[in-house]
Amino acid sequence: MNLAARISRISVSKTMAVMEAAIKLRDQGIDVVDFGPGEPDFPTPENVKQAAMRAIQENFTKYTAIGGIKELKKAIVEKHARDFGSKYDISECVVNLGGKHALFNIFSAVVEEGDDVIIPTPYWVTFGDIARFVNANPIFVDTKESDGFQLTSDILERSLTPRTRMVVVNSPNNPSGAVLEDAEFDRIAELCRKKDVLLLSDECYSHFLYDGRKPFSIASRTDLKRHIIIAGSVSKTYAMTGWRIGYVLAQPEIIGAVVKLQSHSTSNPTSISQRAALEALTGQQESVGVMLAEYARRRKFVLDRLRAIPGVKCAEPGGAFYAYPNISAAFGRGGIQNSVDFSARLLDKAHVAVTPGKAFGTTDHVRLSYATSMEQLDKGLKRMHEFMVSL
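Going by my numbering, the residue at position 228 of the sequence shown is 268; the numbering climbs one at a time, nothing skipped.
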């Protein structure tokens with residue numbers, strides 16, 4: 041059967057492929073330690089679940105406004121203002137079916153065929169595929185592990201082309217956990233204004249920062265609002281990955297375009313999930329601090345254990361809940377030539393699932409999620425250590 045050409049331009053998410061491989065082994069009765077999933081292992085907070093149940097009991101189960109209920113949009117812009125100092129009103133906000141849907145709609149609304157989209161490496165797997173789907177050119181810009189995978193305005197300026205339409209920044213970064221310095225983010229935003237290029241900031245992990253660092257949004261630069269698009273989500277912050285609520289903050293023309301897209305595709309986000317997200321944003325926030333404290337504890341444990349493995353190096357992640365160790369010392373040993381071989385062999389021999397760095401645009405790394413229990417972290421890292429020593 042002949043499928044549309046646009047489908048041939050994209051591939052199945054490589055992080056999902058790792059998950060499926062681990063599931064197949066589990067189905068055979070094998071004990072697999074899975075460091076693949078990029079989602080919190082905490083339950084959704086009780087007050088959020090109760091809000092969803094109330095919505096059902098109150099029969100809040102019909103269509104809503106395509107771009108989300110007013111109460112939720114108001115909660116989003118008000119919390120963003122409190123947390124980051126931004127200034128949006130509800131005409132500059134649209135609610136989507138998760139952060140991935142928000143990004144897909146942004147690309148579809150503002151990127152033309154043949155445009156260049158700048159994506160720093162390492163990058164989240166979906167950015168490049170969305171660019172290709174809308175027939176744009178993803179331009180992958182290397183950052184240095186020795187510099188903590190930091191994008192700089194100098195690197196960006198050398199990478200811009202006459203066809204550059206948008207720059208994508210994900211800070212804290214998935215997969216590396218790298219966090220842009222606030223001042224550097226400012227310089228990048230100024231450069232985008234100067235070159236009349238859109239700056240898309242994916243803030244999915246913005247509340248998970250370590251060592252006392254405060255959350256930052258480039259939307260605090262209200263003078264640059266015309267060039268800034270914010271993609272956000274409740275998925276990671278409130279352990280609500282399955283509820284599928286994301287949002288976009290941008291100038292009204294972009295919001296209107298996204299609403300138009302949704303009117304012919306998904307229509308409104310799930311009514312019940314919207315009520316749950318409203319409670320997440322306006323209710324108690326203690327659960328976020330509890331998760332952050334536990335992630336910080338796990339981060340230290342994971343870094344100490346990874347750095348104790350012969351040949352393994354790991355930059356310290358400043359945010360999110362991933363470690364991105366360099367495992368290139370294993371190349372040329374045991375039939376391993378690259379990160380894909382390493383991940384496959386580690387899963388086959390040690391029954392530990394990690395995501396190869398190739399999925400994120402680098403050759404020497406694998407991604408480990410520490411959004412899992414300390415027991416699983418201890419077991420998996422012990423197996424990984426033994427595997428490396430055995431090569």
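Beta carbons: idealized from backbone N, C-alpha and C, even for Gly.
If you're wondering where the values come from, they're calculated on a predicted model, not measured in any experiment.
For residue i, which three-state DSSP category applies?
i: S148; result: helix
i: S48; result: helix
i: C232; result: helix
i: L239; result: strand
i: D226; result: helix
i: R203; result: coil
i: F180; result: strand
i: S53; result: coil
i: K353; result: strand
i: S409; result: strand
i: I109; result: coil
i: V380; result: helix
i: A336; result: helix
i: G139; result: helix
i: V58; result: helix
i: A348; result: coil
i: G397; result: helix
i: G375; result: coil
i: G359; result: strand
i: V342; result: helix
i: V330; result: helix
i: V219; result: coil
How is the alpha helix (DSSP H) around residue i delimited, first residue to last?
i: N87; result: E86 to Q97
i: I170; result: V165 to F173
i: M414; result: M414 to S430
Using only CA atoms, which one of the options lies nearest to residue i?
i: R261; options: A121, I146 and S368; result: A121
i: I106; options: P309, T277 and G375; result: P309
i: D123; options: E221, F248, S199 and F361; result: F248
i: P160; options: K127, A218 and E132; result: A218
i: G78; options: D418, L421 and S409; result: S409
i: G168; options: L191, M206 and L220; result: M206
i: F180; options: S186, S199, D187 and I170; result: S199
i: G188; options: N366, M41 and T412; result: N366
i: K422; options: L65, R66 and V73; result: V73
i: T277; options: M59, P83 and K340; result: P83
i: R203; options: I158, P85, D71 and G139; result: I158
i: F427; options: Q416, M414, V352 and A360; result: V352
i: R66; options: M424, F341 and V392; result: V392
i: F361; options: G282, F382, T306 and L417; result: L417
i: Q190; options: A355, S327 and K265; result: A355
i: A86; options: A316, I195 and D404; result: In the sequence as displayed, the identity of residue 86 is Glu instead of Ala. The residue with the shortest Cα to Cα distance from E86 is A316.
i: T403; options: G420, K184, A390 and L343; result: K184
i: E197; options: N177, R345, I170 and A229; result: A229
i: G154; options: F173, K140 and G139; result: F173
i: Q291; options: A149, A171 and S313; result: A149
i: P162; options: T104, I312 and N210; result: N210
i: S368; options: D381, A333, S53 and R339; result: D381
i: W164; options: P178, E152, V151 and D156; result: P178
i: I47; options: A171, T104 and I70; result: A171
i: T412; options: D236, L332, R338 and T104; result: R338
i: G420; options: I295, N175, F75 and A57; result: F75
i: R253; options: S307, I195 and L332; result: L332
i: T395; options: D388, T166 and A384; result: A384
Does residue i pass the burial test, meaning 16 or more other C-beta atoms within 10 Å, or should it be called exposed?
i: H304; result: exposed
i: G397; result: buried
i: G375; result: exposed
i: L321; result: buried
i: N213; result: buried
i: L43; result: exposed
i: T201; result: exposed
i: E243; result: buried
i: S186; result: exposed
i: M280; result: buried
i: M424; result: buried
i: S430; result: exposed
i: R347; result: exposed
i: Q302; result: buried
i: M41; result: exposed
i: S51; result: exposed
i: N99; result: exposed
i: E326; result: exposed
Specify, as a first and last residue, the run of the beta strand (DSSP E) that residue i falls within.
i: F82; result: First-last for F82: undefined, no H or E at that position.
i: D71; result: Neither: D71 is in no beta strand (DSSP E) and is coded neither H nor E.
i: V157; result: D156 to P160
i: V134; result: C133 to N136
Q: Could you name each continuous beta strand (DSSP E) segment of 3 residues or more that falls completely within the segment 242-321, going from the start of the chain to the end?
A: Runs of the beta strand (DSSP E) lying entirely within the segment 242-321, each at least 3 residues long, are 268-273 and 286-289 in chain order.
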